[in-house]
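To start, the structure under review is shown below, and the notes come after it.
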Amino acid sequence: MSRPKKPDTNPAMAFERPIQEFEFQLSELEELAETTHLDISEEIVAMRQKIAMAIHETYADLSAWDQVNVARHPDRPVASDYIAQLFDDFVELHGDKMYGDDAAIVTGLASLNGRRFMLVGHRKGRTTKERLETNFGCAHPEGYRKALRKMRLAEKMGLPIVTFINTPGAYPGIGAEERGQSAAIAENILEMFRIKTPILTIVIGEGGSGGALGIGIGDRVLMMQYAYYSVISPEGCAAILWKDGARTAEAAEALKLTAPTLIELGIVDGMVPEPPGGAHRDRETAMQTMARVIPDHLDELAQIPVDELLSARREKFRRIGALADRFPVLTPQEPS
Amino acid sequence: MASSKPEEEAKPSRISRLRFKKKDMPGGLWMKCEGCTTTIYRKELEEKGMVCPKCRFHFTLPGPARIQATLDDGSWTELFADLTSLDRLNFVDSVPYAEKIERTVKRTGQNEALLCGTGEIQGRPVVLAVLDFRFLGGSMGEVVGEKIALAAETAQAQRLPLVFFTSSGGARMHEGMLSLMQMAKTCSALAELSDAGGLSICVMTNPTTGGVTASFASVCDLTLAEPGALIGFAGPRVIASTIRQELPPGFQRAEFLMEKGQLDAIVSREDLPGMLAKLIDYGTASWQEYAGRGRANAALKLLEDERQKAPGDSSPEQAVDGAS
């Protein structure tokens, strides 16, 4: 468990203040025990219990907006953490072979517990330099085209695909528009319905709108417990609908962007549980969970004949929305 | 939307010929041109098909006027006009979304932002789907997405070319992730149509942005645009505030997009029906024997049901109650 040396000053994480306070006190106690050799083990145990309680209480009742901030937490595991710490092997493959190599999307051959697959994920940096290089996880068209090229390669090589979604959104800039941001995303969405190999999609942090969906058409779409997936950022929604960019908490609530609601709406298939207090507090446990979840789903998907897989993939997204229920005639039929 | 039921019952026919009214045009007596900032007398503008006489800027056409300008007189049959939004998130901003929808339905006289149906362009039968910017900015929610998918399936079932006209701000945020997923749904239906050999053409008109540009509108076989149309992924204001720079002149306009290789052609409003007819003539022979996955047949059956449905039948809401 990584413990902060002093309470986090990030205002967005204010709801964690009581936990951070206890964690800070615990680190002081531990330091005291080490330097003075006093026997304060009982106090330390009591403090650990206090922390566990505080975490339990705080996280049992997170608002949607708090959860968005957990999803954005700088210590939360990002694609490069899974690559470095979870995968047994990773061969990065660069470039869209048309224009450039977008650092905001990482693609490559990966193996985990004996399963091989193509990883396609948004990349967010941890240091300031990395964050600037990756545009804070906002991809350009060349990033989406790189993703599609590697997915086609996976299809050819008979490998399944795992996509990690973690982006505030696709990059809104001059170059992105010139090179066809819309067309790149749209083409990825359409072509992912044609890729003849299993696709497992996991929202590991931020699921920001079209930029997320551009690598988000999966046979299974999972979300980590404190990830969010939304049509627009709470900030953007508040600015447009409430004409007040500060009313983010209301917007986050209204947008219904958390895993349980999206599962209920039939948009997300399952939730990957996070350790108590979120993946940013205990990356190790988060990795261990993922080490089970990814192989389990890949093994299940591998059992399904590819024609059925493709047909089910189209059907799954075709049916999202209540309208299919209103018109029973639209339930799937055998081709006649 | 329980309060809208009496109005639904009052409607004369489910597949009604649309009546095109001049008062559907946006704005007041004088209108300012987005292209050259000239103020134009509205009547003059209407006579010129809502095209600026000075700079040829093409004003956004309301859905019904677009249909009239595109199809042969009397050939239009509207389909799936019944579908209305559900407000499944109980979304409230300044006013509840359900109320917003109700008002917009009343103001525009149509149930949703997308008008879809069959008709003829200079004698060529087509499936036509038109986004109407007057209806919540032509935004795509569940109903719009569903109707686009149904339009694609109808085109497949009836072996007709599919023509879109878009003007939209993007995904409808009042429907949250259900809106975003319409991008996936519409692309899935277009993949299906394309695999069957069907031809799809999208005409992007001013403005077409966000989730509409980033989904079905950009994956049609042919992408046309009207002169001067604003087309993009992000809106110009969002881009300007992100990069903190002034945007180059003409940025995100149709001419800019064509220069960057993103459009097949820019076509003036008056030339559009002729151009569409010509393109359709080039593309008719491509149909494949393709079993599909049953959607197209389901759409066909739905069309048949819709035709047979007499006015006063159970409304869709009641149908759900009955089914559950």
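Read top to bottom, the protein sequences are chains H and V. Everything in the first sequence is counted per the numbering used here, starting at 3 for the first residue and increasing by one. Everything in the second sequence is counted per the numbering used here, starting at 165 for the first residue and increasing by one. All residues carry an ideal CB built from backbone N, CA and C; glycine is no exception.
Is DSSP giving residue i helix, strand or coil here?
i: aspartate 91 (chain H); result: strand
i: methionine 195 (chain V); result: strand
i: proline 13 (chain H); result: helix
i: cysteine 219 (chain V); result: coil
i: isoleucine 444 (chain V); result: helix
i: glycine 302 (chain V); result: helix
i: serine 379 (chain V); result: coil
i: tyrosine 230 (chain H); result: strand
i: tyrosine 84 (chain H); result: helix
i: proline 278 (chain H); result: coil
i: leucine 247 (chain V); result: coil
i: isoleucine 206 (chain H); result: strand
i: phenylalanine 24 (chain H); result: helix
i: isoleucine 269 (chain H); result: coil
i: phenylalanine 195 (chain H); result: coil
i: leucine 259 (chain H); result: coil
i: arginine 222 (chain H); result: strand
i: isoleucine 187 (chain H); result: helix
i: isoleucine 217 (chain H); result: coil
i: alanine 172 (chain H); result: coil
i: isoleucine 322 (chain H); result: coil
i: alanine 335 (chain V); result: strand
If you measure from the beta carbon of residue i to each beta carbon in chain H, is any gap under 9 Å?
i: proline 413 (chain V); result: no
i: serine 382 (chain V); result: yes
i: valine 402 (chain V); result: yes
i: serine 343 (chain V); result: yes
i: leucine 253 (chain V); result: yes
i: glutamine 426 (chain V); result: yes
i: cysteine 280 (chain V); result: no
i: methionine 337 (chain V); result: yes
i: valine 215 (chain V); result: no
i: phenylalanine 299 (chain V); result: no
Compute the distance between the beta-carbons of residue i and residue j, then report whether it is under 9 Å.
i: alanine 446 (chain V); j: glutamate 339 (chain V); result: Note that residue 446 (chain V) is tyrosine in the sequence shown here, rather than alanine. Against a cut-off of 9 Å, the Cβ pair of glutamate 339 (chain V) and tyrosine 446 (chain V) comes out as no contact.
i: valine 376 (chain V); j: leucine 243 (chain V); result: no
i: asparagine 370 (chain V); j: leucine 386 (chain V); result: no
i: proline 162 (chain H); j: phenylalanine 92 (chain H); result: no
i: leucine 388 (chain V); j: alanine 429 (chain V); result: yes
i: isoleucine 167 (chain H); j: isoleucine 206 (chain H); result: yes
i: valine 290 (chain V); j: leucine 324 (chain V); result: yes
i: cysteine 512 (chain V); j: glycine 192 (chain V); result: Examination of residue 512 (chain V) is not possible in this model, given that chain V is present from 165 through 488 alone.
i: isoleucine 444 (chain V); j: isoleucine 365 (chain V); result: yes
i: proline 307 (chain H); j: histidine 58 (chain H); result: no
i: arginine 133 (chain H); j: lysine 424 (chain V); result: no
i: proline 79 (chain H); j: methionine 225 (chain H); result: no
i: serine 352 (chain V); j: methionine 304 (chain V); result: no
i: isoleucine 322 (chain H); j: methionine 345 (chain V); result: yes
i: threonine 165 (chain H); j: glycine 209 (chain H); result: no
i: glycine 333 (chain V); j: glycine 227 (chain V); result: no
i: glutamine 286 (chain V); j: aspartate 236 (chain V); result: yes
i: tyrosine 228 (chain H); j: alanine 281 (chain H); result: yes
i: threonine 357 (chain H); j: glutamate 276 (chain H); result: This structure cannot speak to residue 357 (chain H), because chain H is shown only from 3 to 338.
i: alanine 418 (chain V); j: leucine 411 (chain V); result: no
Checking contacts by CB at 9 Å: is residue i closer than that to chain V?
i: arginine 181 (chain H); result: yes
i: glycine 218 (chain H); result: yes
i: proline 307 (chain H); result: no
i: tyrosine 231 (chain H); result: yes
i: phenylalanine 319 (chain H); result: yes
i: tryptophan 244 (chain H); result: yes
i: glutamate 1 (chain H); result: Residue 1 (chain H) lies beyond the range of chain H shown here (3 to 338); nothing can be said about it.
i: threonine 250 (chain H); result: no
i: arginine 154 (chain H); result: no
Any 3 or more C-beta pairs closer than 8 Å across the segment 100–119 of chain H and the segment 255–271 of chain H: With the cut-off at 8 Å, the segment 100–119 of chain H and the segment 255–271 of chain H do not touch.
Unbroken stretches of the beta strand (DSSP E), 3 residues or longer, contained in the segment 104–150 of chain H: Here the runs fully enclosed are 107–114 and 117–124.
Inter-stretch contact (C-beta, 8 Å, three-pair minimum) for the segment 172–180 of chain H and the segment 240–251 of chain H: By the criterion of at least three beta-carbon pairs nearer than 8 Å, the segment 172–180 of chain H is not in contact with the segment 240–251 of chain H.
At least three beta-carbon pairs within less than 8 Å, the segment 247–264 of chain V to the segment 196–214 of chain V: At 8 Å Cβ cutoff, the stretches do not touch.
Alpha helix (DSSP H) segments (min. 4 residues) lying fully within the segment 256–322 of chain V: Counting only runs of 4 or more residues that sit fully inside the segment 256–322 of chain V, the alpha helix (DSSP H) segments are 261–272 and 306–322, in chain order.
Length-filtered (4 minimum) alpha helix (DSSP H) runs lying within the segment 26–81 of chain H: DSSP runs (the alpha helix (DSSP H)) wholly in the segment 26–81 of chain H: 43–62 and 66–73.
Secondary structure, alpha helix (DSSP H): runs of 4+ residues fully inside the segment 343–431 of chain V: Within the segment 343–431 of chain V, the complete alpha helix (DSSP H) runs of at least 4 residues are 374–377, 400–407 and 418–423.
Inter-stretch contact at 8 Å, needing at least 3 Cβ pairs: the segment 133–152 of chain H / the segment 344–360 of chain V: No: the two stretches stay apart, fewer than three of their Cβ pairs being nearer than 8 Å.
Three-pair Cβ contact test at 8 Å for the segment 296–310 of chain H versus the segment 46–57 of chain H: Result no; under three Cβ-Cβ pairs closer than 8 Å.
Validate contact between the segment 187–202 of chain H and the segment 152–160 of chain H using beta carbons, cut 8 Å, 3 pairs: The answer is yes - the segment 152–160 of chain H touches the segment 187–202 of chain H, with three or more Cβ pairs under 8 Å.
Inter-stretch contact (C-beta, 8 Å, three-pair minimum) for the segment 62–72 of chain H and the segment 13–31 of chain H: Yes, the segment 62–72 of chain H is in contact with the segment 13–31 of chain H.
Entirely enclosed alpha helix (DSSP H) segments - the segment 294–320 of chain H, minimum 4 residues: 308–320, all fully within the segment 294–320 of chain H.
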